[in-house]
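Residue numbers (our numbering): 57 to 389. For each residue, glycine too, the CB sits at the ideal point set by N, CA and C. Worksheet for the structure shown next.
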């Protein structure tokens, strides 16, 4: 089978130049691009893709950039993206987020990916991947992220309103010592959820003291460590708002290990309404966001942009959220 290395050797070019030529990167001249594609067709290197790109400059493929597939929120959404992409005649490729994996190779893969556009499912405000894609003027959609200074389509939920719903719910139950587990403030959706909760607490004459705040990466071990730290504070919080369900699961685990009863001695609220939150053994009170629907919408927005059906101005689609009261919240003892 002919590889890009064979093409590069045959043409006397670098493998990077060959890869960029095949995907129509603007740094490669039209003369070199045609030379590479002609050789690819002659040697049998991905002839269908090469021929299609020669005529349309399109790969008919979408890239989905995601950091950690262990999040229970992502697999159903990725399946929905794949299904919608296929229904509209596109393939889907998964790409690791170079910012959250801290992987230089992942950034190179993102730069070299043969796709027409990208859906970012995970990115921080200073993500190098987003910045480089924006510099290349490649169409992209930010899913559950919002960069105020970036011209891009966005699909998101009412994150700030969701945080406020949590504050009002806990306040109405009678909680005053409310703590928070969240992501770093460079993650826009977590920041909005936190700010929504803070504003609503302030309306009720409550605050979120610094000793009741913990921020870190979304993984169970980090969440567990942060939750244990919160539960060691005196006086101990009577409720914890977690900006993701994953953090809420970690908080429930920490409470169980420490012999703290939920919800009798500690209320826990998540945000996502991922599948495990609905399991009877967890029964998590959480904020529901229709993430699978949001993912499907992101595909439509991106393909409409690629096919010239979108408005010239970039769009922001916002989905409503709602609080789902289950078994992990109650009035403080």
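Cα-Cα separation between residue i and residue j, rounded to whole angstroms
i: residue 143; j: residue 136; result: 11 Å
i: residue 328; j: residue 66; result: 52 Å
i: residue 313; j: residue 337; result: 16 Å
i: residue 293; j: residue 245; result: 24 Å
i: residue 248; j: residue 256; result: 12 Å
i: residue 107; j: residue 96; result: Only weak support exists for where residue 107 lies, its pLDDT of 47 falling under 50; the value from the coordinates is given anyway. Looking at the two C-alpha atoms, the distance is approximately 9 Å.
i: residue 157; j: residue 86; result: Below a pLDDT of 50, predicted positions are generally treated as unreliable, and residue 157, at 48, falls in that range; the measurement from the model is reported next regardless. Approximately 34 Å, taken between the alpha carbons.
i: residue 202; j: residue 210; result: 7 Å
i: residue 197; j: residue 291; result: 44 Å
i: residue 175; j: residue 188; result: 14 Å
i: residue 191; j: residue 72; result: 18 Å
i: residue 100; j: residue 237; result: 54 Å
i: residue 320; j: residue 226; result: 14 Å
i: residue 81; j: residue 119; result: 16 Å
i: residue 62; j: residue 139; result: 34 Å
i: residue 278; j: residue 326; result: 16 Å
i: residue 271; j: residue 69; result: 47 Å
i: residue 340; j: residue 356; result: 31 Å
i: residue 60; j: residue 380; result: 52 Å
i: residue 123; j: residue 130; result: 10 Å
i: residue 79; j: residue 360; result: 20 Å
i: residue 83; j: residue 170; result: 15 Å
i: residue 146; j: residue 116; result: 5 Å
i: residue 264; j: residue 250; result: 10 Å
i: residue 386; j: residue 208; result: 41 Å
i: residue 223; j: residue 126; result: 28 Å
i: residue 316; j: residue 365; result: 55 Å
i: residue 235; j: residue 358; result: 38 Å
i: residue 283; j: residue 388; result: 18 Å
i: residue 93; j: residue 64; result: 11 Å
i: residue 151; j: residue 260; result: 44 Å
i: residue 195; j: residue 311; result: 44 Å
i: residue 267; j: residue 333; result: 27 Å
i: residue 193; j: residue 367; result: 16 Å
i: residue 322; j: residue 280; result: 15 Å
i: residue 335; j: residue 299; result: 19 Å
i: residue 258; j: residue 141; result: 44 Å
i: residue 240; j: residue 216; result: 16 Å
i: residue 149; j: residue 242; result: 26 Å
The beta strand (DSSP E) enclosing residue i, as first and last residue numbers
i: residue 73; result: From DSSP, residue 73 is part of no beta strand (DSSP E) but of the alpha helix (DSSP H) over 71-78.
i: residue 196; result: 196-199
i: residue 328; result: 323-328
i: residue 269; result: 269-271
i: residue 373; result: 372-375
i: residue 174; result: 173-176
i: residue 297; result: 295-298
For residue i, the first and last residue of its enclosing alpha helix (DSSP H)
i: residue 279; result: 276-287
i: residue 312; result: 301-313
i: residue 341; result: That residue, residue 341, is in no alpha helix (DSSP H); its beta strand (DSSP E) goes 341-344.
i: residue 382; result: Taken as a continuous stretch (DSSP letters only), residue 382 belongs to no alpha helix (DSSP H), as it is neither H nor E.
i: residue 387; result: Here residue 387 belongs to no alpha helix (DSSP H), and DSSP marks it neither H nor E.
i: residue 347; result: 347-362
i: residue 93; result: 86-99
i: residue 206; result: Counting along the chain, residue 206 falls outside any alpha helix (DSSP H), and DSSP gives it neither H nor E.
i: residue 65; result: 60-67
Distance between beta carbons of residue j and residue i, contact taken as under 8 Å
i: residue 370; j: residue 350; result: Actually they are not in contact, since the Cβ atoms of residue 370 and residue 350 sit about 17 Å apart, beyond 8 Å.
i: residue 348; j: residue 133; result: 5 Å
i: residue 274; j: residue 303; result: 7 Å
i: residue 98; j: residue 88; result: About 16 Å separates the two Cβ atoms, so there is no contact after all.
i: residue 252; j: residue 218; result: 7 Å
i: residue 262; j: residue 343; result: Not quite, the Cβ-Cβ distance comes to about 19 Å (not below 8 Å), so this is no contact.
i: residue 307; j: residue 289; result: Between residue 289 and residue 307 the Cβ distance is about 13 Å, and since that is not below 8 Å, they are no contact.
Proximity test, residue i beta-carbon vs the ligand SAH heavy atom, cut-off 7 Å
i: residue 101; result: What this structure holds is no ligand at all, so the ligand SAH is not there to describe.
Beta carbon proximity, residue i to chain D, threshold 8 Å
i: residue 174; result: Within the model displayed, chain D is absent; a lone protein chain is all it includes.
Quiz item: Which runs of the beta strand (DSSP E), 3 residues or longer, sit entirely within the segment 213-267?
Solution: 234-238
Quiz item: Does the pairing of the segment 293-305 with the segment 218-233 give three or more beta-carbon distances under 8 Å?
Solution: yes
Exercise. Output the residue ranges of the alpha helix (DSSP H) runs that lie fully inside the segment 115-147 and measure 4 residues or longer, sorted by chain position.
Key: 130-143
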